[in-house]
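Trainee: Numbering-wise (our numbering), the sequence shown opens with residue 366 and increments by one.
Beta carbons: idealized from backbone N, C-alpha and C, even for Gly.
Given the structure is predicted, the values throughout are model-derived calculations rather than measurements.
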Amino acid sequence: MKKILFLAVALLGAVATQAQGINFGVKAGANFSNLTGDIDSEGITNFHAGAVLELNLVPTFSVQAEGLFSSQGGKAKFEEDGVVGVAQDINLDYISVPVMAKFYILPNSLSVMAGPQFSFLVDEAEEAWDTKSFDMAAAGGVELKIIAGLFAQARYTIGLTDVSDNIDAKNAVFQLSVGYFF
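(1) If you draw a straight line from the C-alpha of aspartate 533 to the C-alpha of glycine 402, how long is it?
(2) Is the stretch 407-416 close to the stretch 494-513, with three or more CB pairs under 8 Å?
(3) Excluding the five sequence neighbours on either side, which residues of its own chain have a C-beta within less than 8 Å of the C-beta of aspartate 530, listed in chain order?
(4) To test your reading of the DSSP string, which unbroken beta strand (DSSP E) runs of 3 or more residues are found completely within the stretch 416-490?
(5) Counting beta carbon pairs with one atom in the stretch 418-429 and one in the stretch 511-525, are three or more of them shorter than 8 Å?
(6) Measuring straight from C-alpha to C-alpha, what distance separates glutamate 419 and tyrosine 521?
(7) Cutting at 8 Å between CB atoms, please list the residues of its own chain near isoleucine 387, excluding the five before and the five after it.
(8) How big is the Cα-Cα spacing for glycine 524 and lysine 440?
(9) As a quick exercise: from Ser461, Val538, Val423, pick the residue whose alpha carbon is nearest that of glycine 415.
(10) Quick one: residues in its chain with C-beta nearer than 7 Å to the C-beta of phenylalanine 539, no 5 flanking neighbours on either side, listed in chain order?
(11) Quick check on asparagine 536: buried or exposed, where buried means 16 or more other Cβ atoms within 10 Å of its Cβ?
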């Protein structure tokens, strides 16, 4: 409930501060995630959704901050009771805050973006993993503004910190998103 209330207040605050050079919007899409490192893992498909705030500094450069609920992880394979290849879904739910520098290749339509992502764990499916509450990542991608506020994004995020103290495993996520700037 607290998460929903916080998101609603953030959305209303952003709409109230809408001004020339500031774009506010929402986005959602699919996460194709995996765990990399010293772990045998397969990818899983999940989702992300949240708010977007873009501050246009000059015509070809802007800074975009987002607040997203992002569900990621992987399907880990390990040995259990002498059986090799036992699969277990590791679902990790985060509140992610990417801060992206955007460079427009085609004015007001096509941009490339890169920047850090700060993620805070809000739920984990497997508590035995002793998952860390904070995840730092580097992200990069492209955005296409289609028409009348509608946009599409593709982004890859690679974890810089391990998700657990118990194992060398980092998040790796490919995101496809659609959204709308108001």
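Mentor: From the atom records:
(1) Taking the sequence shown and counting its residues from 1, one reaches residue 533 at position 168. Taking the sequence shown and counting its residues from 1, one reaches residue 402 at position 37. Their backbone Cα atoms lie some 5 Å apart in a straight line.
(2) no
(3) If you number the sequence shown from 1, residue 530 lands on position 165. Once the five neighbours on either side are set aside, the close Cβ partners of aspartate 530 are Asp495, Lys497.
(4) 426-445, 448-471, 475-489
(5) With the cut-off at 8 Å, the stretch 511-525 and the stretch 418-429 do not touch.
(6) Indexing the sequence shown from 1 puts residue 419 at position 54. Indexing the sequence shown from 1 puts residue 521 at position 156. Glutamate 419 and tyrosine 521 have their alpha carbons spaced roughly 19 Å apart.
(7) What you label residue 387 is simply residue 22 of the sequence shown in a count that begins at 1. The residues are Leu418, Glu419, Leu420, Asn421.
(8) The count along the sequence shown starts at 1 and reaches residue 524 at position 159. The count along the sequence shown starts at 1 and reaches residue 440 at position 75. Taking the straight line from one Cα to the other gives about 17 Å.
(9) Here residue 415 corresponds to residue number 50 of the sequence shown, with the count starting at 1. Among Ser461, Val538, Val423, the Cα nearest to that of glycine 415 is on Ser461.
(10) Here residue 539 is taken as the residue at index 174 of the sequence shown, counted from 1. Same-chain partners within the cutoff: Phe397, Tyr521.
(11) In the sequence shown, counting from the first residue as 1, residue 536 sits at position 171. It counts as buried.
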